[in-house]
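Scroll down for the structure; my scribbles are underneath it.
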Amino acid sequence: MNKSIRNAGQRCQRLSQSFPKDNLVAGLLLLLFIFSCSPRSENSLKLLRSANAYSEKGKVVITAFKSMHYWGEEHRDLYREIRIYRLSCPDFVFGKDYEEYFSDLDFKDGECIFQGSLEPILGSKYRFVDDATETGAVYAYWIAASAGKPTGPLPVKIRDEQVWWPYHRVMERLEELQNQYPRLVKVEEIGKSVNRKPLLAVRIGHEKKAVALIGAIHAGESGPELIIPVVQKLLEQNSDLFRRISLVVIPSVNCDRRDKLAAGNPWYLRRNANNVDLNRNFPADWDHVDQTYGYMTSDPDAQTFRGPYAASEPETIAVMDYLRKNKPVAVFSFHCLASIAGETLGISKAGAESQEYVNRCSTFADLYWQGVASPFAEKQKIVPLCTSGSLPEWCYRELGIPAFDMEEPFDPKDLAQCAIDATDRELLAKYQDIHYRGFVELLTRAPDEVSNPQ
Ligand SMILES: [Zn+2]
């Protein structure tokens with residue numbers, strides 16, 4: 024047993040002999056004190072706390088801090104040896120498995136990938152980098168010190184940074200575009216996320232008439248990886264288009280949680296950092312409780328929680344202000360899964376009851392689909408699927424403009440691939456091309472109709 028722990032136990036014994044036994048309060052205090060300093064058995068020692076694992080440039084970084092119980096220099100021996108365990112989780116399924124998949128995993132089923140000494144940073148933090156990982160793989164890690172129990176499991180998925188762009192990549196690519204096309208491209212900050220990341224928007228062109236592209240309102244879905252390459256290709260190959268129309272773009276609305284996915288959170292994330300579904304938070308029939316996917320939007324535990332009140336989230340407010348200011352003629356919001364949005368176009372359910380609104384939406388949808396020229400011709404029909412509190416619902420009710428949630432790919436093979444987060448560079452490139460074709464046609468022939476405030 025550790026010497027200092029034994030000493031603490033002896034100290035407790037001596038104190039109990041000298042304490043007045045007829046004082047009930049003092050007795051209780053004594054019990055509390057004994058409990059708080061009672062010796063811990065060696066094999067139950069949790070020597071490491073606040074452990075974390077995340078992926079960065081294809082490697083996994085594992086960090087942990089010394090337990091506050093054994094923080095001092097006198098406990099140095101307890102940390103003479105650090106061990107890292109790794110368990111591969113090939114049967115984890117994105118979209119079906121969540122945190123609970125990892126809860127009962129055992130480090131004994133994994134392999135010990137490191138055993139040796141590590142110098143603690145500032146005497147308290149351990150950091151280990153595993154560079155023998157495979158892109159696309161899901162792992163659980165544990166970290167242990169000497170005789171202590173391993174701390175974990177720490178789940179992580181190795182995602183390709185070309186397929187799930189980290190926030191810094193979004194920023195860099197926007198800056199590159201602005202530097203390359205200074206007369207056409209203007210990047211601006213339109214607010215801050217819950218975690219105080221700048222929310223970035225980019226305007227391409229100076230024409231008043233504009234189409235809006237909105238990305239990643241749902242973290243685990245799509246946005247910057249499709250939108251920014253489409254914008255870049257439009258600038259490279261069709262920059263004349265911007266003489267008649269502009270694009271106003273917010274590539275990554277839910278940037279906090281999206282960065283968590285890029286950094287290896289294995290399971291689907293939808294809500295923002297306040298656990299609010301941004302696509303239920305807009306002030307558009309917000310009071311109406313919707314039930315979808317087995318969730319109630321009024322339930323704070325639900326994946327579709329609408330928030331404590333309408334427009335409670337800074338991301339929602341930033342999107343609203345930006346669209347009010349720019350008055351686009353149509354809005355396309357990118358959804359579906361794992362960096363891919365397909366050609367399915369959903370509109371406001373309430374708006375779908377107005378034939379006049381459906382006709383206006385169809386004008387834009389048909390132009391987009393003509394550009395795409397999909398072989399799945401039978402699927403080209405707008406779907407009334409956007410519920411109360413969603414962005415399309417708000418665009419319909421407040422701005423009176425056609426607005427679409429872009430959902431499933433028409434090709435079922437592609438849907439099956441992105442649905443399990445198996446999107447690779449090839450599939451991503453295919454959908455960058457599909458949307459490029461769709462938006463070239465849309466921007467070329469978009470009607471001059473401007474927003475129609477009610
Ligand atoms: Zn979505």
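Just so it is clear: in the sequence shown, position 183 is 206 by the working numbering, and no numbers are missing.
For glycine and all other residues, C-beta sits at the position ideal for the given N, C-alpha and C.
These figures come from a predicted structure and were not determined experimentally.
With DSSP collapsed to three states, give me the class of K209.
Counting from one through the sequence shown, the residue named residue 209 turns up at place 186. K209 falls in the strand class under three-state DSSP.
From this set, A155, R150, G159 and E416, which residue's C-alpha is nearest I166's C-alpha?
For this step, residue 166 is matched to residue 143 along the sequence shown. Of A155, R150, G159 and E416, the residue nearest in Cα terms is R150.
Within 10 Å of its beta-carbon, does N302 have 16 or more other beta-carbons around it, so buried, or fewer, so exposed?
As a working note, residue 302 is residue 279 in the sequence shown. N302 sits buried, since 16 or more C-beta atoms from the chains shown fall within 10 Å of its C-beta.
Which residue marks the beginning of the beta strand (DSSP E) containing D132, and which one marks its end?
Translated into the one-based positions of the sequence shown, residue 132 becomes position 109. First-last for D132: undefined, no H or E at that position.
For a test of the three-state rule: what should DSSP assign to K89, helix, strand or coil?
Here residue 89 refers to the residue found at position 66 of the sequence shown. Three-state result, K89: strand.
Please name the residue, chosen from A334, A286, N297 and A400, that lies closest to P323 on a Cα-to-Cα basis.
As a working mapping, residue 323 is identified with position 300 in the sequence shown. Among A334, A286, N297 and A400, the Cα nearest to that of P323 is on N297.
Could you check whether the Cβ of E244 sits closer than 7 Å to any heavy atom belonging to ligand 1?
On the sequence shown, residue 244 is found 221 positions in, with the first residue counted as 1. In this structure, E244 has its CB closer than 7 Å to one or more heavy atoms of ligand 1.
At a cut-off of 7 Å, is R229 close to ligand 1 when judged by its beta-carbon and the heavy atoms of the ligand?
In the sequence shown, counting from the first residue as 1, residue 229 sits at position 206. According to the sequence shown, residue 229 is His rather than Arg. Incorrect: H229 has no Cβ contact closer than 7 Å to ligand 1.
Please list, in chain order, all residues of the same chain as Q203 whose beta carbon is under 7 Å from its beta carbon, the five residues on each side excluded.
As a first step, residue 203 must be located in the sequence shown, where it is residue number 180. Taken in chain order, the list of residues that qualify is empty.
When you compare only the Cα positions, how much space is there between S90 and L346?
Against the sequence shown, residue 90 aligns to sequence position 67. Against the sequence shown, residue 346 aligns to sequence position 323. Those two C-alpha atoms are separated by around 49 Å.
Inspect the beta-carbon positions of V193 and S275 and report whether they are closer than 8 Å.
Indexing the sequence shown from 1 puts residue 193 at position 170. Indexing the sequence shown from 1 puts residue 275 at position 252. Pairing V193 with S275 gives a Cβ-Cβ distance under 8 Å.
Shorter than 7 Å, the distance from the beta carbon of Q98 to the closest heavy atom of ligand 1, or not?
Translated into positions along the sequence shown, residue 98 becomes position 75. In the sequence as displayed, the identity of residue 98 is His instead of Gln. No; taking the cut-off as 7 Å, the Cβ of H98 has no heavy atom of ligand 1 nearer than that.
How many Å lie between E350 and E212 at the Cα?
Locating residue 350 in the sequence shown gives position 327, where the first residue counts as 1. Locating residue 212 in the sequence shown gives position 189, where the first residue counts as 1. One point to set straight first is that residue 350 is Lys, not Glu, in the sequence displayed. Approximately 18 Å between the Cα atoms of the pair.
Flag N302 as yes when its Cβ comes closer than 7 Å to any non-hydrogen atom of ligand 2, and as no otherwise.
Ligand 2 is not among the ligands present in this structure, which contains only ligand 1.
Can you check whether the CB of I363 is closer than 8 Å to the CB of P432?
By 1-based counting over the sequence shown, the position of residue 432 is 409. By 1-based counting over the sequence shown, the position of residue 363 is 340. Against a cut-off of 8 Å, the Cβ pair of I363 and P432 comes out as a contact.
Does ligand 1 have a heavy atom nearer than 7 Å to the CB of H241?
Within the sequence shown, residue 241 is the residue found at index 218, counting from 1. The answer is yes for H241.
Considering only C-alpha positions, which residue in the set C359, V406, S73 and E430 is nearest to E376?
As a first step, residue 376 must be located in the sequence shown, where it is residue number 353. Checked all of C359, V406, S73 and E430; the closest Cα to E376 is V406.
Could you tell me the distance, in whole angstroms, from the CA atom of R281 to the CA atom of P398?
For the purposes of this step, residue 281 is taken as residue 258 along the sequence shown, with counting starting at 1. For the purposes of this step, residue 398 is taken as residue 375 along the sequence shown, with counting starting at 1. Going from the Cα of R281 to the Cα of P398 covers about 32 Å.
Would you say V186 and R383 are within 8 Å of each other, going by their C-beta atoms?
Numbered from its first residue, the sequence shown carries residue 186 at position 163. Numbered from its first residue, the sequence shown carries residue 383 at position 360. It is not a contact, given that the beta carbons lie outside the stated cut-off.
Are the Cβ atoms of E104 and A168 separated by less than 8 Å?
To locate residue 104, count along the sequence shown from 1; it is residue 81. To locate residue 168, count along the sequence shown from 1; it is residue 145. Yes, they are a contact pair.
Return the residue from the list P113, H358, H191 and V272 that minimises the CA-CA distance to D344.
The residue given as residue 344 occupies position 321 in the sequence shown. With distances taken between Cα atoms, D344 lies closest to V272.
Quick one: Cα of T482 to Cα of F305, how far?
Given a span of 24 to 477 for the chain in the structure shown, any question on residue 482 remains unanswerable.
Mind checking who N75 pairs with in its DSSP beta bridge?
The residue given as residue 75 occupies position 52 in the sequence shown. Per DSSP, T86.
Could you please give me the residues that DSSP links to P221 through a beta bridge?
Here the question's residue 221 lines up with position 198 in the sequence shown. The partner list for P221 (beta bridge, DSSP) reads K215.
Could you check whether A333 and W309 sit closer than 8 Å to each other, using their CB atoms as the reference points?
In the sequence shown, counting from the first residue as 1, residue 309 sits at position 286. In the sequence shown, counting from the first residue as 1, residue 333 sits at position 310. Taking 8 Å as the Cβ cut-off, W309 and A333 qualify as a contacting pair.
Closer than 7 Å: H458 CB and nearest ligand 1 heavy atom
Sequence index remark: in the sequence shown, residue 458 carries index 435 (1-based). No.
Between H358 and ligand 1, is there a pair consisting of the residue's CB and a ligand heavy atom that are separated by less than 7 Å?
Here the question's residue 358 lines up with position 335 in the sequence shown. It does: the Cβ of H358 is within 7 Å (strictly closer) of some heavy atom of ligand 1.
Element boundaries [beta strand (DSSP E), containing S269]:
Position 246 of the sequence shown holds residue 269. Note, S269: beta strand (DSSP E), S269 to I273.
Do G214 and P337 come within 8 Å of each other at the CB atom, strictly closer than that value?
As a position in the sequence shown, residue 337 is number 314, starting the count at 1. As a position in the sequence shown, residue 214 is number 191, starting the count at 1. In this structure, G214 lies closer than 8 Å to P337 by Cβ.
What does the alpha-carbon distance come out to for the pair N75 and E244?
Here residue 75 refers to the residue found at position 52 of the sequence shown. Here residue 244 refers to the residue found at position 221 of the sequence shown. Looking at the two C-alpha atoms, the distance is approximately 24 Å.
Give me the residue from L466, S413, Y459 and G81 with the minimum Cα distance to E248.
Here residue 248 is taken as the residue at index 225 of the sequence shown, counted from 1. Minimum Cα distance to E248 is reached at Y459.
By the 10 Å Cβ neighbour count, where 16 or more other Cβ atoms means buried, how is D153 classified, buried or exposed?
Here residue 153 corresponds to residue number 130 of the sequence shown, with the count starting at 1. Label assigned to D153: buried.
Residue(s) in a DSSP beta bridge with D153:
One-based indexing of the sequence shown puts residue 153 at position 130. DSSP output for D153 lists V83 as bridge partner(s).
Just checking, does the region 173 to 186 make contact with the region 136 to 143 on the three C-beta pairs under 8 Å criterion?
no
Can the beta-carbon of R72 be found closer than 8 Å to that of F88?
If you number the sequence shown from 1, residue 72 lands on position 49. If you number the sequence shown from 1, residue 88 lands on position 65. Contact: yes.
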